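For the sequence shown, the positions run 10 to 295 when the working numbering is used. Encoded as structure tokens, the structure appears first; notes follow it.
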Amino acid sequence: MPVSLPLPLALEQFLDVLRCPTCCGRLHLDRCALRCPAGHTFDIARQGYVSLLTGTRALSGDDAAMARARDRFLSTGRYLPIRRAVARLAAEAMPARGTVVDVGCGTGYYLAGVLGHLPDARGLGLDASVRALRSAARAHARAAVATWDVFRPFPLADGVADVVLDVFAPRNPSEFHRVLSPTGRLVVVRPTGRHLAELRGHVRAMVTVDPAKEQRLHRALDPHFEAVATERVEYVTPLTALEALDLVGMTSSARHVSRAEIEIDHHGLLPDRVTVSVLATTYRRR
Ligand SMILES: C[S@@+](CC[C@H](N)C(=O)[O-])C[C@H]1O[C@@H](n2cnc3c(N)ncnc32)[C@H](O)[C@@H]1O
Ligand SMILES: [Zn+2]
Numbered sequence: 010m011p012v013s014l015p016l017p018l019a020l021e022q023f024l025d026v027l028r029c030p031t032c033c034g035r036l037h038l039d040r041c042a043l044r045c046p047a048g049h050t051f052d053i054a055r056q057g058y059v060s061l062l063t064g065t066r067a068l069s070g071d072d073a074a075m076a077r078a079r080d081r082f083l084s085t086g087r088y089l090p091i092r093r094a095v096a097r098l099a100a101e102a103m104p105a106r107g108t109v110v111d112v113g114c115g116t117g118y119y120l121a122g123v124l125g126h127l128p129d130a131r132g133l134g135l136d137a138s139v140r141a142l143r144s145a146a147r148a149h150a151r152a153a154v155a156t157w158d159v160f161r162p163f164p165l166a167d168g169v170a171d172v173v174l175d176v177f178a179p180r181n182p183s184e185f186h187r188v189l190s191p192t193g194r195l196v197v198v199r200p201t202g203r204h205l206a207e208l209r210g211h212v213r214a215m216v217t218v219d220p221a222k223e224q225r226l227h228r229a230l231d232p233h234f235e236a237v238a239t240e241r242v243e244y245v246t247p248l249t250a251l252e253a254l255d256l257v258g259m260t261s262s263a264r265h266v267s268r269a270e271i272e273i274d275h276h277g278l279l280p281d282r283v284t285v286s287v288l289a290t291t292y293r294r295r
């Protein structure tokens, strides 16, 4: 189980690089909030995340049911090989006392994996889902977490990250570029067309992986980043019916089909093993 230090400590250790989302001023800790010199104030929730995203919220963050499904599924260890690959790639790319920013960190599973590998590193997880961040805030003692919308300028100073992680999450290439140090690395993990193929075959409502997605990724990153290396993590894992339901429930498919529907229509048909297939690419800044 993760060790938990007093909650604001991880956040406190990020104050040198966090910036006020409204005026870009520096933030300081003021009891249960972060505050800038102009008086903009951002509450720190009891659960340990800071709400930097105020006003209009991102619409695409995971809802509570999706975040719960993700928490349950990831705790089974079925994605451990992905977590290990991400941790290794991040560790290879950053100094021991480095800073990693996990964009769309969800429940903090991969961020915690990286920090577990690097005893002197610090991590920041950004996500639009409050429910996911409640878990992320507990995922690792050196993980600070904040609500944020990937598509807005990040609440961070320039060049402060050694690694930006993006695991199955939306991307903002120009902001990735801005917050990375000149020698920093971006690590992007995304599914291949074979990922969860058996499950897609059974659950019609599951969103398929668009074959043009790889091309779109390269086109979007190309002005800012150059790929250094790509690895494929691919294996077959056994799957209980409950795990299969959580796997469907934690993906964007969950937006199109209710858990009850999956259970009624497909319970007896769910596959008992599934292919996990992802690509992990490390990029350097142009
Ligand atoms: C497929 S999940 C991946 C989560 C985590 N990286 C993982 O692999 O376990 C996508 C994540 O992106 C978050 N997300 C979606 N749209 C977002 C946005 N506009 N800004 C910030 N986070 C967003 C969701 O809340 C969710 O946690
Ligand atoms: Zn401010």
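We treat Cβ as the ideally placed atom computed from N, Cα and C, and that holds for glycine. Small disclaimer: the values here were computed from a predicted structure and weren't measured.
Taking 7 angstroms as the cut-off, the C-beta of Arg79 counts as close to a heavy atom of ligand 1. DSSP places Phe177 outside any beta strand (DSSP E), giving it a letter other than H or E. The count of Cβ pairs closer than 8 angstroms, one atom from the region 166-183 and one from the region 193-207, reaches three, so the stretches are in contact. Between Val257 and Ile91, the C-beta gap is not smaller than 8 angstroms, which leaves the two residues out of contact. Every alpha helix (DSSP H) of 4 residues or more that sits fully in the region 124-203 is shown, in chain order, as 139-148 and 182-188.
Straight-line spacing of the CA atoms in Ala67 and Phe160 works out to 9 angstroms. Under the 8 angstroms Cβ criterion, the region 17-27 counts as touching the region 130-145, having at least three qualifying pairs. Nearest neighbour of Pro30 by Cα position, chosen from His49, Leu18, Tyr88 and His37, turns out to be His49.
DSSP places Val287 in the uninterrupted beta strand (DSSP E) bounded by Arg282 to Arg294. According to the DSSP assignment, Arg241 belongs to the beta strand (DSSP E) that extends over Phe234 to Pro247.
Measuring C-alpha to C-alpha distances from Arg180 to each of Leu251, Ala148, Gly210 and Lys222 identifies Lys222 as the nearest. The region 78-98 makes no contact with the region 27-43; the number of CB pairs closer than 8 angstroms stays below 3.
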